[in-house]
Each structure stands twice: as C-alpha cells, then as structure tokens.
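Those sequence lines, one after another, are chains W and E. If you're matching positions, the first sequence starts at 1 in our numbering and goes up one per residue. If you're matching positions, the second sequence starts at 1001 in our numbering and goes up one per residue. I have placed the structure first, in the form of structure tokens, so that the comments after it can refer back to it.
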Amino acid sequence: MKARTELIASAAVVMVFAAGPVLSPLAHLDISIVSEVLVTSIAVMSVNLLLGYTGLPAFGNAAYFGLGAYGVALSVKYLDVNFIESILIGIAAAFLGGLILAPFLLRRRGIYFGLLSIAFGQVFYFIAYRYTDVTGGEDGMNVPRPPLALPSAHVAVNELAMYYLALVLFVVAVIMFRGLVRSPFGRTLIAIRQNETRARYLGLNTDRFIFVALLISATMAGLSGAMFALLINFADPLRLDWHQSGYFVLSMILGGAGTVWGSLVGAFIYVIGHDIISTITQWWQIFLGALFVACVLFFPRGILGTVDVLLRRSPQAFTDDDVDAAFEAHAPGEVGRGV
Amino acid sequence: MIEHIGPQLFNGLVLGAFYAIVALGLSLIMNLTGTINMAHGSFMTLAGYLAFTMVSRGTSFWFALIAAPLIAVIVGVIVERTLVRPLYKREPFYSLLMTFGLSLMAEEIYRLIWGPNGVPFSPPHALDGAASLGFMVFPTFRIFIVVVLIVAIVALALFLTRTRFGLRLRAAVQDSEMIAALGTNTQVLYAVNFGLGIFLAGIAGVLAAGMLGLSPTSGNNLLMPAFVTVIIGGMGSLFGSIVGGLLIGIAISLTTLFIPAASEVSMYILMAVVLMVRPRGLFGEEGIFG
C-alpha cells in the first residue's frame, strides 16, 4: 500500500472510532464493548509481534495480560493508588513477569518455544487460583475504578472517558508498533522469522533481539490487561489461562498475522462476535472452536493478510509488507519440526 | 505427618503414571509430526464418558476399558486424516491452534451430551477393597491402575523396538522423507501413530475417570501437567516422559501433603530447575525441536 493511501485509510479508521459514542448506538453496541475491542487489540498486537513478525509461537501471552489485570486489581485493593498509578503497576507486573520467563523461553524455538510458553504461562494462573486469601481465587476480584490523578479533584473515570482513553492508547500503540516493525529492530525480527540461522551468520545476536521483543510484548499485553480490568471492573484467573492466550492467537490469525492493523480487525471480530453470539446461544464455545478449525484450515492468512496478497497482484513498488506473504509459506513441504 | 509420606508417595506414583502415559501419547504425536495435540485431554475425556455410558448400560468394566479407548482411537484417526493431516506441511503452530479449537468444541459437546457437572464413575466391585503389602495398605483400584499403565508402557516399548512397524515409526521420526523414499507409506505411519497416542490417552482417560472423577474438563486438567512432563523429560524422548511423569507425580503429592496451596506450582519450580541445569530437559536430544 502506498504511504499516502495508508495514511488516509488509517486516519479514516481512527475517525470512525473517534465517533464511536455516536455510532455505536446505531449498531446496537454498548460503548464499553467497543472499548474492549480497542483494549484487546493491544494484547493481540503483543502476540503479533512475537508470532506474526518474529515467528515464535507465543501461546502464553495471557500470563502478561493477566498480570496486568491482577497488578491493577491488587494495587487498587491493597494500596491507595489512583487510576494512572494502578495502570503503571499493572504494566510493571507484566514487565517483571516477562523478565522472569524470558530467560527460559529465549533458549528455544519452534514448537519447543510454544510448549514452554504454554506451560510457564500457566504458573501465574495457578498462583492466582490457589492463593485465595490475597487474590480471591476462582471467584476473582472486583476492581472499583480508582479516581483519576488530578492534583485538585478526585475525578471519577466514566465509560466515555474509558473509551477515549482506550482509543488514545490504541492509537499510540499502533503508531509505535508500526514504527517498531519498520525499524531496523523490526526488520531483524522479520529476518529471524524467515531464517534465523542466516541472521546469526550475519552477526546478529538473535537471542538478544528476541529477549527485547519478549519484553515489549509482555509490556503491551500488560497494558492491555490493566486497562481490561479497569474496563470490566473485574479480574479473575481465567484472564491468565492458556485459553485466553489461544483467543489472542486466534484473533491475530483472523485479522492477519504480520500486519499492523490485523490486530484491530481480529480483536473486533472476536470481541463483537463473542458479544453477539453468546447472547443468541449458550453454545458459543462450539462456534468459537469451529472458527478456530475453519480459520486454520481455510483462512490462515487472515483478512488483512489476504487483502495484502490481493493488492500485491497489481504492479507496484516493493514494500516492507512483502515479506509478510512469506510467513505461512516459508517452509513448504517440510513436516513441522519447527526449525 | 511422617506416617503419611509412604501412602502419599504411592499416590504420587499413581498420579505420575497418569502424567507419564498422557505425556507418552503427546510425545509420540509430537515427535513424528511436530503437532502439539491440544485436544489430547478431550480424547481422554471422551474415552472416560464412553466407558461411563457403556457401564451404565450394563456392559462390564473390563469390556469398557478396552472398547472405549478403541472408539476414541477411531474418532482420533478420523480427525487426524481429515483435519490435522492438511496441516503437516505448514508451520506447527497451526495444528496447535486447530486442535485447541477442537478441544473447545469437544468440551461443549460433552457438556451437551453428559451434562455440565461431573458424573459418578466407580470401578467394579472386584477392585473395591484394599490390599495390604505388609508395611502399607493400598487401595486395590490404584494398584490395578499402576499395573495397567505399566503393561501399556511395556507393550508400547516392545511395539516400538521389536516390530517392523515400530522400527519404521522410529525411523520416520528421524527422517520421514527418507522413509517415504524407501517405499514406506508414511501417511499410514502418521495415522497409526496418532491412533496409538489416542489409545494411550483413552486408557488413561477411563482409569482416571474412576480415580479422579469425570467432567467435561477432567481430561484437560491432566493436559497441563503432561506438557510439563514432556518438557522435564525432554522433547523427543519417550523414556524422559516416563521419568518426568513420575517425578512430577511425586513432587505434587509431597507438596500437597506439606504445602497444599503450592501443589501445582511445585511442578513449575521443578521444571524451572531442570531447565536451568539441562536446557533440553532430562533426556532431550540436542538438535531436535529447535
């Protein structure tokens, strides 16, 4: 996509979301659901960075998401924090979690990485589930929204404010994410996905790049989780569970792995779809499972990935996104050893 | 407290034998095709529920113990041929995601058929009592479980080392293209191997239903310890899965005795320690699986 077309398209998307409080009643959507879309897409982006761009099967990002949520929940309950402080504590918790797990995950690639991230991701689930005195265990914790940090007044944060905060955070996240994946750092991550051995022979310390990518990913997921807890005023162990990680991965695939805006598209379909289908039927999980199966079998590029491929049919200059098409086909015919 | 250690160790071994056999099935499938089968727990639950239905319709427990896993195998092979097979040539995480979707569907379908709550499934009266081995008293059913699981593991080992088919399977793990070039139909290998993994899961599922209870999520509860088992034992090593399973079983049962709240966390601490000392796991081979 040409730079100007992309800018116009991006601006249009942001404008539509800026008009969200006016538009969402027309679509019979609660504004907090749209906030949830924006917040969730930041977590999906965090998975996209690892899986879509670096090629690491990140199936444990719910751990960081949940740490963000519990960071907020615990700090609101036990410390006298304001709104911004609680979010910062949530992010710090997720960052620390990443710092603890990264040395273990870092050494492995392919399915071994996947297996490790699933297994280690579950540690925090069991801690939250078991230490009922502090975390409330299975019942979860209520998260009353703390007042915003203003020197003069204790201003309460209402749904509309939450929505615009989520939108601002999302836009900032997208701009930073786009800058990141187009920077030399991001190009290196893509090089690692395509052929790590080659990247190593070029003298790149790939472990160090993956370490930084893991920490960025954990921080983003933590921000998302912190906002999520404040949005729904609740944190429970299921936010830390590997199922939650799977939903992020599904959203990423749905939207398009290795595309900047795919995370928003995927999160939109997942959150809105969940909201609509679960009010119609109680068998939402069967639909969800079928969506996984169908998406993997028939639609592995996702929506924006497919758009990307279609657009590239027309003759145009080579862009950074070209490499993304190589994502799912980069080892054809190879029985998955995850090399 | 001290007098509980003996029985608790035995319980740990029983639990560990479950983890080992689930992990063995996972490893078989993972080693040959690189598929992390997230639906493994669902097949356990399926076999458990099938056995429950058979027994409540009047068939004997012994019949159900064999028939239920076999039906699960048939379902498993159909799933492998139709849904998993197209993904072998793709990145391994696609099959992980697909089987995750299957497990979500399966959980809900079990809920539809057998209800959201657990169902009672008790072992036959012949296995009701307890056996005294002089120094300790063991529930007969748990001894029976250990015997069956040991027989299954030994049978698997003999199959893999003493039959031509097992030999081909192990060769295909090393280099499936070469095996195909030498005239073996690798698709048959993939299907049989998947079925074998499901059969182990099925047997464990029926036995676990009698010991740990049966609910739509009961199989999935064993899945996470089985993953940890594979990591501790070392990916690529079947022997490692057995050792890893027993280690975790003992670790969990002993922490349950002393610090109940930390029972699950203990296996992660064990995993972290093992990975720090041996990054490949106890018996993992260098160079396999990145």
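Positions of the beta carbon are idealized from the N, C-alpha and C atoms, including for glycine. Values in this document were obtained by computation on a predicted structure and should not be read as measured data.
Residue from the options with nearest C-alpha to residue i
i	options	result
S1266(E)	L1247(E), P1279(E), L1282(E) and M1276(E)	L1247(E)
V1075(E)	L1050(E), L1282(E) and P1139(E)	L1050(E)
G1006(E)	V1273(E), G1284(E) and L1257(E)	L1257(E)
I269(W)	L254(W), M141(W) and D30(W)	L254(W)
L189(W)	F228(W), V123(W), L49(W) and A11(W)	L49(W)
A1106(E)	A290(W), L311(W) and I118(W)	A290(W)
A1068(E)	I1109(E), M1044(E) and R1090(E)	M1044(E)
L101(W)	F287(W), F59(W) and I192(W)	F59(W)
R239(W)	I303(W), F209(W) and A128(W)	A128(W)
R1090(E)	T306(W), R301(W), V307(W) and V309(W)	R301(W)
V271(W)	I31(W), A19(W) and L7(W)	I31(W)
A1251(E)	S1263(E), A1039(E), I1242(E) and G1240(E)	S1263(E)
V44(W)	Y164(W), M252(W) and A94(W)	M252(W)
N1117(E)	S1253(E), G1058(E) and L1214(E)	L1214(E)
F228(W)	F17(W), W283(W), A19(W) and L38(W)	L38(W)
D133(W)	L165(W), E159(W), Y78(W) and P144(W)	Y78(W)
N1185(E)	I1002(E), Q1174(E) and R1168(E)	R1168(E)
L1024(E)	L1254(E), P1279(E) and F1194(E)	F1194(E)
I87(W)	A221(W), V307(W) and T259(W)	A221(W)
M15(W)	V168(W), L250(W) and A235(W)	V168(W)
G20(W)	I111(W), V157(W), G97(W) and Y164(W)	Y164(W)
I91(W)	L215(W), R109(W) and Q282(W)	L215(W)
S1042(E)	F1121(E), V1192(E) and E1108(E)	E1108(E)
T1035(E)	A1209(E), D1128(E) and S1095(E)	S1095(E)
N142(W)	I232(W), L264(W) and S35(W)	I232(W)
Buried/exposed call for residue i, threshold 16 Cβ in 10 Å
i	result
W1062(E)	exposed
A1172(E)	buried
F120(W)	buried
Q244(W)	buried
M172(W)	In the sequence as presented, Met is not what sits at residue 172(W); that position holds Val. Exposed, by the Cβ-count rule.
L288(W)	buried
R1164(E)	exposed
F83(W)	buried
I1002(E)	exposed
I1269(E)	exposed
Y201(W)	exposed
C-alpha gap between residue i and residue j, whole angstroms
i	j	result
W242(W)	L1104(E)	12 angstroms
G1233(E)	T5(W)	53 angstroms
L105(W)	L116(W)	6 angstroms
A1155(E)	R1111(E)	34 angstroms
P184(W)	S224(W)	26 angstroms
N195(W)	L1070(E)	42 angstroms
L1196(E)	A3(W)	54 angstroms
A1047(E)	Y1190(E)	21 angstroms
L99(W)	A218(W)	9 angstroms
G338(W)	E1285(E)	Unreliable positioning characterises G338(W) in this predicted model, as indicated by a pLDDT of 35, which lies under 50. The coordinate reading is nonetheless provided below. Going from the Cα of G338(W) to the Cα of E1285(E) covers about 15 angstroms.
P315(W)	G266(W)	Caution is warranted here: a pLDDT of 41 is assigned to P315(W), below 50, making its placement in the model unreliable, and the coordinate value is therefore given only provisionally. Looking at the two C-alpha atoms, the distance is approximately 28 angstroms.
G1183(E)	F113(W)	33 angstroms
S46(W)	L1238(E)	34 angstroms
L1083(E)	L1026(E)	17 angstroms
M1271(E)	I1231(E)	7 angstroms
L1223(E)	E85(W)	38 angstroms
I1029(E)	F1159(E)	16 angstroms
A93(W)	D207(W)	23 angstroms
V40(W)	P1092(E)	The residue asked about is misnamed: residue 40(W) is Thr in this sequence, not Val. T40(W) and P1092(E): Cα-Cα distance of roughly 25 angstroms.
V1055(E)	A1064(E)	7 angstroms
N1221(E)	I8(W)	49 angstroms
F234(W)	A11(W)	32 angstroms
T259(W)	L310(W)	14 angstroms
W283(W)	H28(W)	22 angstroms
V1022(E)	L51(W)	28 angstroms
V296(W)	L1097(E)	7 angstroms
R145(W)	I1066(E)	56 angstroms
Can you give, in chain order, each stretch of the alpha helix (DSSP H) that sits fully within the region 196–257 of chain W and has at least 4 residues? 206–232 and 242–255
Assess, as a yes-or-no matter, whether the region 1196–1212 of chain E is touched by the region 1236–1255 of chain E under the definition of 3 or more beta carbon pairs within less than 8 angstroms. no
Give a yes or no on contact between the region 55–64 of chain W and the region 168–179 of chain W, applying the rule of three or more CB pairs nearer than 8 angstroms. Touching, no, given that fewer than three Cβ pairs across the two stretches are closer than 8 angstroms.
For the 8 angstroms Cβ check, are there 3 or more pairs between the region 68–84 of chain W and the region 276–283 of chain W? Remark: fewer than three beta-carbon pairs, one from each stretch, lie closer than 8 angstroms, so the region 68–84 of chain W and the region 276–283 of chain W are not flagged as touching.
Extract the residue ranges of the beta strand (DSSP E) inside the region 1088–1135 of chain E, only unbroken runs of 3 or more that lie entirely within it. Counting only runs of 3 or more, we get 1130–1132.
Does the pairing of the region 1083–1101 of chain E with the region 1226–1241 of chain E give three or more beta-carbon distances under 8 angstroms? no
Touching or not, the region 1168–1183 of chain E and the region 1003–1020 of chain E, by the rule of three or more beta carbon pairs under 8 angstroms? Verdict: no, contact absent.
Counting only runs of 4+ residues fully inside the region 37–89 of chain W, write out the alpha helix (DSSP H) ranges in chain order. 62–78
Entirely enclosed beta strand (DSSP E) segments - the region 1179–1228 of chain E, minimum 3 residues: none
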